[in-house]
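Asks:
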Amino acid sequence: MTALPDGAFIFTAGKGNRLHVLGGDLEQEPYIIYGGEVLAYAYCAEEKIVALGLQPQTPKGPGIVRLYEFSGGALGLALGEAPCGNVSQLLWSGKRYLVACGPGGCTIFTWKKELTVLYTDSAVGCFLQSERLGLVYDTPPAVKYFSPDCRRVLSSFKIALKNLQVLSVAGAGYFCFVLYSDGSVQAHYVTKGSAKKLNVFDQMFPVGSTNPITEGSNHQLVACALSSRKVLLGIQGGSCVHKLEYKGEKILVDSTQEYLPSPYALLGISPDGLRCLAVEVSRGFHRSLSLTFNGVKVTGRPKVAKESNGTKAQSGKGGAMEPLLSGRDRTRKVSLPRGASSATTTTTTTATATATGGGPGKTASIPRPTKVDNSVLRGNGHSALKSGCILALAGASFALAFVVLRRVSSR
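For the sequence shown, the UniProt record's numbering gives the first residue as 1, with consecutive numbering after it.
1) Nearest to Thr292 by CA position, among Ser270, Ile159 and His286, is which residue?
2) What is the residue span of the beta strand (DSSP E) that Asp138 lies within?
3) State the DSSP-derived secondary structure class of Ala396, mapped to helix, strand or coil.
4) Return helix, strand or coil for Ala8, following the three-state DSSP convention.
5) Is the Cβ-Cβ distance between Val178 and Val169 less than 7 Å?
6) Rounded C-beta distance between Ala8 and Val21? I'm assuming under 8 Å.
7) Which residue's Cα is closest to the Cα of Lys15: Lys144, Glu27, Val38 and Pro30?
8) Secondary structure at Ala42, three-state DSSP: helix, strand or coil?
9) Starting from the N-terminal side, write out each stretch of the beta strand (DSSP E) that is 3 residues or longer and does not extend beyond the stretch 82-167.
10) What are the start and end residues of the beta strand (DSSP E) that includes Thr256?
11) In chain order, what residues of the same chain lie with their CB nearer than 8 Å to the CB of Tyr41, ignoring the 5 residues before and after it?
12) By a C-beta neighbour count over all protein chains shown, 10 Å radius and 16 as the cutoff for buried, is Ala399 buried or exposed?
13) Report the CB separation of Ser156 from Lys144 in whole angstroms; it is logged as a contact under 8 Å.
14) What residue range does the beta strand (DSSP E) around Val50 cover?
15) Is the beta carbon of Glu81 less than 7 Å from the beta carbon of Arg96?
16) Could you give the residue range of the beta strand (DSSP E) that holds Ser290?
17) Do you know how far the Cα of Glu69 is from the Cα of Ala78?
18) At what residues does the beta strand (DSSP E) containing Phe205 begin and finish?
19) For Val222, does the count of other Cβ atoms within 10 angstroms reach 16, so buried, or fall short, so exposed?
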């Protein structure tokens, strides 16, 4: 799988391994751009060129690497070709170098109006990491960073682990990941000056149960760097994408996981990490799906995901995949009357109750605290005070009149 700058995906599918394009719009359908069998392919965004690894023209002849113009989502004129061995992987390193790898070794071509062999090597795989070319070796298992300009190895490190077989190596940003035969993943943090070996994720991917797909190997890692400390990681044919965060001190944390809706399997991730290319395994139907990572970390069995419009993502239309939360998990703050205990400040927002007539469920309202009308109390107090004042004034007037009458009668 190759992601284009405009959000489209290039991939091979079908019985003849034909080359397809799926546009960046979630509602678009994939279409074929090359009808012959394609063994490998690579896209150069700077030159807008697609390189194809093709079958030998004769039964005993070498394979062929051919370049095509690519514009408007379609292949154009053939620009040139060169013979090559059994090609299983193609990769552009900048706009000048094309790397072709296979079981028999690696060939680096230079491109300038024609393909010319620059360097041959015993590497069996390659990947690009921070614009640096990484070569993978199986005897002994190692990764070497090679400079085509200088034609020399810049740095290297060993990737052997517990006598396990190396299945796949992928790089993104400063991260390099190695997948082993037991499903474990060893992470490395690679800079120009050093390569730090980070923690191992034991049995991170169930390599024995990944869904079979037509493109490449079932055990190809898929990585996408979000920043210098965050990276997305998945496996082709798997159902989960992991968001990993580098915390320093050689610690990489699996902070969030997002599961693809069943029955889709992962093929690739867009460069911005917002979408992924997925295939419906039973029908071979390809679809672009959105990645959100806005849920809590999920453990155990994957949840059925939702699209952004609230419908299940199993409809075949791509959408935001959000893990479902039960009513017990969705809580909100509720205001309390004065003097009430603060131990019950969270409560369930809704409770579903089935109607007695067998109809749809109704939403039960939350009981609210009874409010006391303080204005009534204030009104009663004012009335009592007013009455008391009137009685006091009347009593004083009566006493004054009584005193005056006694003085008059005494004269």
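Here a beta-carbon is modelled for each residue, glycine too, at the ideal position from N, C-alpha and C.
If you're wondering where the values come from, they're calculated on a predicted model, not measured in any experiment.
Replies: Checking against the coordinates, here is how it stands:
1) For the purposes of this step, residue 292 is taken as the residue at position 292 of the sequence shown. Ranking the options by Cα distance to Thr292, first place goes to Ser270.
2) On the sequence shown, residue 138 is found 138 positions in, with the first residue counted as 1. Taken as a continuous stretch (DSSP letters only), the beta strand (DSSP E) holding Asp138 covers Arg132 to Asp138.
3) Here residue 396 refers to the residue found at position 396 when the sequence shown is read from its first residue. Helix.
4) As a first step, residue 8 is located in the sequence shown; it is residue number 8 there, counting from the start. If DSSP states are grouped into helix, strand and coil, Ala8 belongs with coil.
5) For the purposes of this step, residue 178 is taken as residue 178 along the sequence shown, with counting starting at 1. For the purposes of this step, residue 169 is taken as residue 169 along the sequence shown, with counting starting at 1. Yes, the Cβ-Cβ distance between Val178 and Val169 is below 7 Å.
6) Position 8 of the sequence shown holds residue 8. Position 21 of the sequence shown holds residue 21. With a Cβ gap of about 6 Å, Ala8 and Val21 count as contacting.
7) Residue numbering aside, residue 15 sits at position 15 when the sequence shown is read from its first letter. Ranking the options by Cα distance to Lys15, first place goes to Val38.
8) Here the question's residue 42 lines up with position 42 in the sequence shown. Shown here, Ala42 sits in a strand according to DSSP, grouped into three states.
9) Look at the stretch 82-167 and you find these whole runs of beta strand (DSSP E), each 3 residues long or longer: 89-93, 97-102, 105-111, 115-121, 125-129, 132-138, 141-147 and 152-158.
10) Taking the first residue of the sequence shown as position 1, residue 256 is located at position 256. Its beta strand (DSSP E) spans residues Ile251 to Tyr259.
11) In the sequence shown, counting from the first residue as 1, residue 41 sits at position 41. Contacts found: Thr2, Ile10, Thr12, Leu19, Val50, Ala51, Leu52, Gly53 and Leu90.
12) For this step, residue 399 is matched to residue 399 along the sequence shown. Exposed is the call here.
13) As a working note, residue 156 is residue 156 in the sequence shown. As a working note, residue 144 is residue 144 in the sequence shown. That belief holds up - the Cβ atoms of Ser156 and Lys144 are roughly 4 Å apart, short of 8 Å.
14) The residue you call residue 50 lines up with position 50 of the sequence shown. Counting along the chain, the beta strand (DSSP E) containing Val50 begins and ends at Ile49 to Leu54.
15) Walking along the sequence shown from the start, residue 81 turns up at place 81. Walking along the sequence shown from the start, residue 96 turns up at place 96. Result no, Cβ atoms of Glu81 and Arg96 do not sit closer than 7 Å.
16) Position 290 of the sequence shown, counted from the start, is the residue given in the question as residue 290. In the DSSP assignment, Ser290 falls within the beta strand (DSSP E) that extends over Phe285 to Ser290.
17) Numbered from its first residue, the sequence shown carries residue 78 at position 78. Numbered from its first residue, the sequence shown carries residue 69 at position 69. Those two C-alpha atoms are separated by around 7 Å.
18) In the sequence shown, residue 205 corresponds to position 205, counting from 1. First-last for Phe205: undefined, no H or E at that position.
19) Counted from its first residue, the sequence shown places residue 222 at position 222. Val222 is classed as buried because its beta carbon has at least 16 other beta carbons within 10 Å across all chains shown.
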